[in-house]
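Colleague: Take this structure, written in structure tokens, and hold onto it; I'll ask about it next.
4 protein chains.
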Amino acid sequence: MLWGGRFRKNLDKAALRFSTSFPIDIRLLPEDIEGSLAHAEMLSKIGLLSQKEFDDIAGGLKKIEKEWNGSAWPKDLDSYEDVHSAIEARLYELIGDAAGKLHTGRSRNDQIATCERLWTKKACLQIKSLQVSLQKTLLSSAERHTETLMPGYTHLQRAQPISLAFHFLAYMEMLERDKNRFVHVIEASDSNPLGSAALAGSTLPLDRELTRQILRFEKSTANAMDTVSDRDYFLDFLHACGVGMMHLSRLAEEMILWSTSEWNFIQLSDEYSTGSSLMPQKKNPDMAELIRGKVGRVYGHYMALSTTMKGLPLSYNRDLQEDKIPVFDSFDTYCDCLEIMTGMIATMRVNDRRFESELAGSFSLATDLADALVMKGVAFREAHRIVGQIVQFAEEKGQKFSDLSLSDLKTIYSGFAESDLELLKIEQALKRKKTTGSPNPDLVKQQIERWRKTLTAK
Amino acid sequence: MLWGGRFRKNLDKAALRFSTSFPIDIRLLPEDIEGSLAHAEMLSKIGLLSQKEFDDIAGGLKKIEKEWNGSAWPKDLDSYEDVHSAIEARLYELIGDAAGKLHTGRSRNDQIATCERLWTKKACLQIKSLQVSLQKTLLSSAERHTETLMPGYTHLQRAQPISLAFHFLAYMEMLERDKNRFVHVIEASDSNPLGSAALAGSTLPLDRELTRQILRFEKSTANAMDTVSDRDYFLDFLHACGVGMMHLSRLAEEMILWSTSEWNFIQLSDEYSTGSSLMPQKKNPDMAELIRGKVGRVYGHYMALSTTMKGLPLSYNRDLQEDKIPVFDSFDTYCDCLEIMTGMIATMRVNDRRFESELAGSFSLATDLADALVMKGVAFREAHRIVGQIVQFAEEKGQKFSDLSLSDLKTIYSGFAESDLELLKIEQALKRKKTTGSPNPDLVKQQIERWRKTLTAK
Amino acid sequence: MLWGGRFRKNLDKAALRFSTSFPIDIRLLPEDIEGSLAHAEMLSKIGLLSQKEFDDIAGGLKKIEKEWNGSAWPKDLDSYEDVHSAIEARLYELIGDAAGKLHTGRSRNDQIATCERLWTKKACLQIKSLQVSLQKTLLSSAERHTETLMPGYTHLQRAQPISLAFHFLAYMEMLERDKNRFVHVIEASDSNPLGSAALAGSTLPLDRELTRQILRFEKSTANAMDTVSDRDYFLDFLHACGVGMMHLSRLAEEMILWSTSEWNFIQLSDEYSTGSSLMPQKKNPDMAELIRGKVGRVYGHYMALSTTMKGLPLSYNRDLQEDKIPVFDSFDTYCDCLEIMTGMIATMRVNDRRFESELAGSFSLATDLADALVMKGVAFREAHRIVGQIVQFAEEKGQKFSDLSLSDLKTIYSGFAESDLELLKIEQALKRKKTTGSPNPDLVKQQIERWRKTLTAK
Amino acid sequence: MLWGGRFRKNLDKAALRFSTSFPIDIRLLPEDIEGSLAHAEMLSKIGLLSQKEFDDIAGGLKKIEKEWNGSAWPKDLDSYEDVHSAIEARLYELIGDAAGKLHTGRSRNDQIATCERLWTKKACLQIKSLQVSLQKTLLSSAERHTETLMPGYTHLQRAQPISLAFHFLAYMEMLERDKNRFVHVIEASDSNPLGSAALAGSTLPLDRELTRQILRFEKSTANAMDTVSDRDYFLDFLHACGVGMMHLSRLAEEMILWSTSEWNFIQLSDEYSTGSSLMPQKKNPDMAELIRGKVGRVYGHYMALSTTMKGLPLSYNRDLQEDKIPVFDSFDTYCDCLEIMTGMIATMRVNDRRFESELAGSFSLATDLADALVMKGVAFREAHRIVGQIVQFAEEKGQKFSDLSLSDLKTIYSGFAESDLELLKIEQALKRKKTTGSPNPDLVKQQIERWRKTLTAK
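Structure below.
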């Protein structure tokens, strides 16, 4: 036992296993070594390590990282309770007593906070790059489908005609907000905890500004006790993953719906579908279902850490060890889902003309008709009522909108003119849209152009 | 690809990795083999397997189980997408084409439900046995502490004197309810899904009653589509784990409080404590903190599966694959926490006399004093007011309850008599309790006796 | 302030408003009065109330209940911090000092637990009756639709033909499990807390067995401290509501899907749909969407109370006041959703023949074909492969299953016979099902019969 | 029914009650009127309203707001399904047919999004001002307690001496992060949805830039379908409330602990405590308990809306109506808790000297002693071991740190000098701290100064 000098008995075996975090936090090895190198450099600058000691420590740490990256990692290290103890033990083996000096003026508490913050910053960048990939794929698909007509839904009822490009642009917006949320997480984690020690700083003349510079943190944390008690950056991270997954779950739901026999709007590639053991004709959108299902996992992780943090008195409590599983698994899950969704969108086949004839005959232009009445000076509520009657009239006669004649229309409202019949035709529907943010193909193309530039710039 | 005969392309590599559940569901290997043996026996009884085929299949399956339990498991099987495919592939290697007949009249959907239900029943029994262990440990400690006085708290304020035995008996009740909840889970999972096939049963003359008997299920499920869509038993299981963990978190919180310098009521054994890397004098209740922290994990798992199930249309959807991680990890976590809590209670040292003198002088007998006034015929609200004034009187004079004289009491209420001074002494406090369920030592001993019998009987 | 005799200052105004629970717990008025009547009767039996006092108290309490049920409730009572204080204050006004004796040997802690347990038992019965109503409605619909063909889905892909009756029977099973979960909640709440007092029982000779009998509890609680700390029955209740809501969310999802233009399988009644302010042709399944959306609310309530309970030391803590909002709102929400779903199912119109022709030509009989090969002695895996090739063959030729000729079949597998062509026809598909729990119309009718008897019996 | 012109039957009565949101969204009345005024002004600018019509509408809306703020609100309006319908109906009563023109080019979907975003911006500012109040109160208390010694805890074990000021500065940091999170929510909600209409913009020449300017939004939303489907700003809001509540729950926990007989560090004011009905001596920290308990409620709300959003296909679905209860109740709860916590901190009495003597004799300076050895050149791990032995030595002799003599020290490590005995004294402990962010009183005062300036500046 590394630090239990005063204890008479060793930890119970089950308790040791129970409290071990090595299999989880081993992925912090690069960050632990990065943080230790910075700490050692600072200790040597303020005279608490000799040049020789620093060289030994730095050399040892780098060797350990190489061992880990290669295949030379001594297997017995896996039995240590956490990655930090394992590295420390290995450093002793490699360089002897000098290793004992590395922990000068440092506690597990600020050491772990440093690892976590370094990791978080990297993780956010990795996620952002996957978010951009998905955006690029959506954008390419949008580019090909500015004229692919489909019903826009509210309440999953066909409401008004839109284009597939317009639909995908909605997800571009969501992903942009998702990216932005991770920018905030980076800011939230961009403070140097080193020098906070266990909870109250140190009587040693540690230079926190120096480690901050070496580790490229924006600033140093301002209160040592807060520093070792704080996991806000992880909660922010989990929130960002959760909302991101929620958006993917919505897109996944649509992939599933559009792949049904009933919708028949897209066909997923064989590379992203599976067969059935008992029903040979099936082609199942398993990947989309898994993405939709995994949102639960990430929500659960948010709830897990939130619960764990509830009501904890300051400062560090061992409960906080439970922070890593939810965060690491949310990262893995969200990254995987982004990657799979990207592949699924990139390889799916769109049934371009699926909705054209159906929309042509549908009532989905009712709003446009009401708007046209408004332009004639009819009050909107009245226009709405008139169009409602036209729909009812057509339904009763078993007719579609495009079947109606001018005299049919005039039965309901005498002010209709020949030119209004154009409004019942689908071809020009999107082009009539005037507002920014609408599916007007020209506006959609402008937006695609804008997105293209933004994404390339980054 | 085992079942994708009609497909042109293989699953994308990332998608394969993404959708694989092998590392998780490999722990269902024994249940999968148990279920397959039952299914094969039934197939042979109804003539769809020859005796030879059945013997081959049964022999093969048993060999696979041995390989798994020993060290002969062929490593390449780990790359299959799930445990079922791996077993099936291995069976082919071992016995050839007869393996192909095992899947007759069976789908992954009813196969998985069978594994899960068999597993759940076993898991509940395992948990119950750990719950009983903790109960036995609490009971032993209670037995030693029927006269160990301590303050009973409400609002974490000292309210009335109780005994440690009485305190632990409260947890006996909670654990009993926790056990009962798992009894309900067993009932909920005790139905045979085999023969439900993919979602609609089979045109083959499968004998579901026979597999039910072999697998010792209480009954068979009544609707095939419900059978393959249902994960209620898992939600019930997660709820039972969650409430169980919540109770442990309360006990853990008390272990932590009682171990503080401020409370100083118990001392945890070195085997269940750890030291600090920077503060050599520390003895930290890490195990209790971890138990308290891990309640978040189990809550999160409940939320995860609940979210996943939300709004899924019937019947089986791949989202359901996400059911196993929360369930298995909740099981592991709850089992570990039960075991560790048991060890911690069994080895802790109680500072028996810690509260005796403090309670002797405290106001914690105020309620008894009010009750005595009631027995004299004073209305309770009035008695309450009188005692409130006595407390205020004593506080102002800086005195304790036991310092008060009869004339002091009479200043407030003239009806007090000499004998009432006894009520201000702590020694007889518990013995004066009259109601069942109170900390009266005689009643507590009776309860301990009753528990002892109940726990031994099982 | 009723009980703060020793305090110098009143509660801060904002703090008073903050801590008030009156608007929430006023709905416990009947239970509070029921509990108080039982307590008073017991006090009079053991001689702590005179007959006169008891009569006054009982008369006063009954008058208060009448005032509440009528319109005579004095408005100033609404400013009390909780329903218990309001009743107590009103009782003083009505009968004077005798009111002060009602609180003899009772604490808010056991009083509240009594109210909650009495309420829970009633609430469960009310829910059960609404669950039965929905079951009856589903059953009636099932009765009319034993021959209404529809695709059974897995992964939302058409898998095998089933009937709408069979589909609804799946929900009968879910609802039956849901009812059972509330039976467990009744058991969990069926213990008498009275006599537990604040946390440690009483020195007064309270007769807990008597109040148990009067209040018709199954038994009395066994440990006073557990009694006032326990909210397990509420967590069990919330779990039962959550799973129940989850099932409704699945059915709601299907109502929404089936109402789309794409599915066009059902039409919801105008009484359960709404129009759009901008799109006159819309008919939106708002009620189904609200039910689906409200599952979040109930999940949230479970999480709320679970979080609140985490890590609370014994015994009563004021945190527990937060138990009522989640429970009451979950009750209201689940009851409403059951009722609305019942009305929606009862009034919807089914497009009976919607899927007949589509299924006739589809590949959804592929499994049956494979099974038939098995009956000819082909190994299942081989049969599966053969049928997969037939599907591919038909797709390439742009043909449906029912278009295939015997020679087509023989191209793939020579063992096919003339009679096998029958297997490609939809008409007999359901009747060929042999297993219990399958959609075979005869078996389905038997099940309907069984349900009919069960539901009538209750 | 306002918009159901085409429907034959009215909504079922239970369904109407079920789907009504009036009691909840009535608090959006000011935002609805603000949004309508902007929309009307824009309509008049683009010629779709005459000056007269606009004057009538604007006059009518302002009158309605006055009626609402005063007591002239017509009660029958409360029966409308939502605030928007109620306002619209009232406007008809007041100004007749011109009211019908207000809905021109607007849908409930963009109308509601506008209300919600306007509300969110205001709510965030209100919260920030309460956060600042709490910060100011903490700062004032910190100012008075820069020299109030207390143990700093890790694992709730005394670790190192700190000051109460330092402890409160930790919460200053948390609150600052909490404020920042709401700044992000403001950014997230600061886009104009008007002109997005139902889901696809409009064929009318609506000027979205103009309404943006009038409503002082930073920009306009870029995709109409995303606009009406998006509730990210509400999820961000709930996350911010949740983390904020979590921090308050930690502080509340400490208030509760510090108020115990065991800690006896603070005494809460009577204005923020309550008595007990059965135990007259009790003084309960109810407000702190309620704050701690209410964190569950806010977590639950986050989970509720997250669940509701899961897997919803685009665009608007009625499920989204469930967004308001969690958001409004989280706002109310968090505001209340901030306010109550502020009052509780402002009025509590600190037992300044409570820990002085205990700390003087404790081992809490062990770290400093180890650091001093490091400054002598001893490797830290070795120093740690030495100090561990000293602790063990003292414990065995039943001595405190301050009792140890130089020769005692030398028994363990010969390098100790006379001057090192100073290190065992508590008086100078804080002043020896050297690192930024430590409890060194001079550094703490600097930080208080900095905070004072920051808070005044805002």
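Chains as they are written, first to last, in our numbering: chain A, 4 to 461; chain B, 4 to 461; chain C, 4 to 461; chain D, 4 to 461.
Glycine included, every Cβ here is placed at the ideal spot set by N, Cα and C.
1. Once DSSP output is grouped into helix, strand and coil, what is the label at D:Q402?
2. Note down the Cα distance separating B:S272 from D:D355, rounded to an integer number of angstroms.
3. Give me the Cα-Cα distance between C:I189 and B:A255, rounded to the nearest whole angstrom.
4. Considering only residues of the same chain and omitting the five flanking positions on each side of A:A460, which have a CB-CB separation below 6 Å?
5. From the DSSP secondary-structure annotation, give me the bridge partner or partners of B:G38.
6. I'd like to know if B:L133 contacts chain A, where contact means its C-beta is closer than 8 Å to some C-beta of that chain.
7. Near B:K104, which residues of its chain fall below 8 Å by C-beta distance, leaving aside the five closest residues on each side in sequence?
8. Using three-state DSSP, classify B:A382 as helix, strand or coil.
9. What are the boundary residues of the beta strand (DSSP E) that D:Q163 is part of?
10. Specify the secondary structure class of B:I269 as computed by DSSP and reduced to three states.
11. Got a sec: is the Cβ-Cβ distance from B:R234 to anything in chain A below 8 Å?
12. Can you look up D:G155 in the DSSP assignment and give me helix, strand or coil?
13. Would you list the residues sitting across from D:S223 in a DSSP beta bridge?
14. Starting from the N-terminal side, write out each stretch of the alpha helix (DSSP H) that is 4 residues or longer and does not extend beyond the region 339–364 of chain B.
15. D:H158 versus chain A: which residues are under 8 Å apart at the beta carbon?
16. Using a beta-carbon distance below 8 Å, is D:E119 in contact with chain C?
17. Do A:A373 and A:A386 come within 8 Å of each other at the CB atom, strictly closer than that value?
18. Show which residues of chain D have a CB atom less than 9 Å away from the CB atom of B:T263.
19. I want to see whether chain A comes within less than 8 Å of C:K286, judged by CB atoms only; does it?
20. In terms of DSSP beta bridges, what is A:N13 paired with?
21. Under a three-way DSSP split, which group does B:T439 fall into?
22. Do the CB positions of B:D2 and A:R321 come within less than 8 Å of each other?
23. Taking C-beta to C-beta, are C:S252 and C:V298 nearer than 8 Å?
24. Taking only the alpha-carbon atoms, compute the straight-line gap between C:K66 and B:T438 and give it to the nearest angstrom.
25. Pick out whichever of A:D58, A:S166 and A:K456 has its Cα sitting closest to the Cα of A:R357.
26. With 8 Å as the threshold, decide whether the Cβ of B:K297 is near any Cβ in chain A.
27. Using a Cβ-Cβ cut-off of less than 9 Å, give me the residues of the region 298–309 of chain C that come near chain D, in sequence order.
28. Does the beta-carbon of C:P442 have 16 or more other beta-carbons within 10 angstroms, so that it is buried, or is it exposed?
29. With a cut-off of 8 Å, does the C-beta of B:E325 fall near any C-beta of chain D?
30. Interface residues of chain A around D:D229 at Cβ under 7 Å?
31. So who's on the other strand from B:N287, going by DSSP bridges?
32. Can you have a look at A:I49 and say buried or exposed, based on whether 16 or more other CB atoms are within 10 angstroms of its CB?
33. Kindly indicate if chain D contains any beta-carbon less than 8 Å away from that of C:M45.
34. Classify D:W6 as buried or exposed, calling it buried when 16 or more other Cβ atoms lie within 10 Å of its own Cβ.
Modeller: Reading off the structure:
1. coil
2. 33 Å
3. 29 Å
4. none
5. DSSP output for B:G38 lists no bridge partner at all.
6. no
7. L46, L51, L52, E56 and I60
8. coil
9. Q160 to S166
10. strand
11. no
12. strand
13. D:N195
14. 359–364
15. Y319, N320 and R321
16. no
17. yes
18. Y156, L159, Q160, R161, L260, E265 and W266
19. yes
20. For A:N13, which the question treats as bridged, DSSP gives no partner whatsoever.
21. coil
22. The requested residue 2 of chain B is not part of the displayed model; chain B covers only 4 to 461.
23. yes
24. 31 Å
25. A:S166
26. yes
27. V298, G299, R300, V301, Y302, G303, H304, Y305, M306, A307, L308 and S309
28. buried
29. no
30. A173, E176 and M177
31. B:T277
32. exposed
33. no
34. Interpretation of D:W6 is limited by its pLDDT of 47, a score under 50 that renders its predicted location unreliable; no figure is taken from the coordinates.
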